[in-house]
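Asker:
In our numbering, the protein residues as written are -7 to 107.
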């Protein structure tokens, strides 16, 4: 869990400024680090952090759907989670993430990819 001052601060920032990549990205980074730290030592705690970082990446992607990275990261972490609810979430996210990835791939290769 985020330290109380950070959690309160981010909640206040979201309430004042609304949802955006920054207000979701900071706690997402903290949760990702906490997940990595606790993964081997305490799998139960790690699974809580994993759920929170997945939620943060999904919220970031929803705020900026043209940026494919948070969506790709969310899908990778959902695969890592491996539960049925995670697979259902992947089915939901995959079309939007695929749509966001295409422009980056096109600009890299200079080719038109099938949509």
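All residues carry an ideal CB built from backbone N, CA and C; glycine is no exception.
Does the Cβ of residue 20 have 16 or more other Cβ atoms within 10 Å, making it buried, or fewer, making it exposed?
Answerer: To locate residue 20, count along the chain shown from 1; it is residue 28. Buried is the call here.
Asker: Determine the DSSP secondary structure at residue 32, reduced to helix, strand or coil.
Answerer: Position 40 of the chain shown, counting from 1, holds the residue named residue 32. Reduced to three states, the DSSP call for residue 32 is coil.
Asker: Is it true that the CB of residue 13 sits closer than 8 Å to the CB of residue 57?
Answerer: For this step, residue 57 is matched to residue 65 along the chain shown. For this step, residue 13 is matched to residue 21 along the chain shown. No, the pair does not count as a contact, with Cβ atoms beyond the cut-off.
Asker: Suppose you measure from the CA of residue 74 to the CA of residue 39; what does that come to, to the nearest Å?
Answerer: Locating residue 74 in the chain shown gives position 82, counting from the first residue. Locating residue 39 in the chain shown gives position 47, counting from the first residue. Between residue 74 and residue 39, the C-alpha separation is close to 11 Å.
Asker: Report back the beta-carbon spacing between residue 94 and residue 69 to the nearest angstrom; my notes put them in contact at under 8 Å.
Answerer: In the chain shown, residue 94 corresponds to position 102, counting from 1. In the chain shown, residue 69 corresponds to position 77, counting from 1. About 22 Å separates the two Cβ atoms, so there is no contact after all.
Asker: Which of the three DSSP states is assigned to residue 54 in this structure?
Answerer: What you label residue 54 is simply residue 62 of the chain shown in a count that begins at 1. Helix.
Asker: Have a look at 99, 86 and 16 and flag the residue whose alpha-carbon is nearest the alpha-carbon of residue 49.
Answerer: Position 57 of the chain shown holds residue 49. Of 99, 86 and 16, the residue nearest in Cα terms is 16.
Asker: Tell me the rounded alpha-carbon separation between residue 89 and residue 96.
Answerer: Counting from one through the chain shown, the residue named residue 89 turns up at place 97. Counting from one through the chain shown, the residue named residue 96 turns up at place 104. One C-alpha to the other measures close to 12 Å.
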